[in-house]
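In terms of the numbering used here, the sequence shown is residues 29 to 145.
No residue lacks a Cβ here, since even glycine has one placed at the ideal position from N, Cα and C.
Written below as structure tokens is the structure these notes are about.
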Amino acid sequence: QVQLVESGGGLVQPGGSLRLSCAASGTIFSINRMGWYRQAPGKQRELVATFNSGGSTDYADSVRGRFTISRDSAKKTVYLQMNSLKPEDTAIYYCNFNVNSNWRHYWGQGTQVTVSS
């Protein structure tokens, strides 16, 4: 079993910054993909940023240039640095790990990010 623990959400004013963290633990032999998704009220969950299996990164068009995904492989932790936040970035942010040879997905518990003045 794999557990993901997120931290770093909160309330921030427009233009501000937040850094999210997600640490994985449990039976992990390999990490295929790790990344962040978000879900705003009344909307579907969407990809924000991810590390792909080859190490490349993908970003949603809406966050490219403002958000940066990074990782500490030794700690099995993925980060999301969010700068120049906008009200439309308000959502619950979920980390996702795809691990091991069976490519199973695991989700974090979600952390609320609210951008408001």
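DSSP places Val-91 in no beta strand (DSSP E); its state is neither H nor E. Beta-bridge pairing by DSSP links Glu-116 to no other residue. Relative to Arg-73, the option among His-133, Val-141, Ala-119, Asn-126 whose CA is nearest is Ala-119. Val-76 and Ser-145 have their C-alpha atoms spaced approximately 23 Å apart. When DSSP states are grouped into helix, strand and coil, Ala-68 belongs to the coil group.
According to the DSSP assignment, Ser-35 belongs to the beta strand (DSSP E) that extends over 30–35.
Short of 8 Å from the beta carbon of Thr-85, and not among the five residues preceding or following it, lie these beta carbons of its own chain, in chain order: Ala-77, Thr-78, Phe-79, Ile-97. Within its own chain, the residues whose Cβ lies closer than 6 Å to the Cβ of Val-33, once the five positions on either side in sequence are excluded, are Ala-51, listed in chain order. Taking a C-beta distance under 8 Å as the contact criterion, Trp-131 and Tyr-122 do not qualify as a contact pair. Between the C-alpha atoms of Asp-100 and Gln-41 there is a straight-line separation of about 28 Å.
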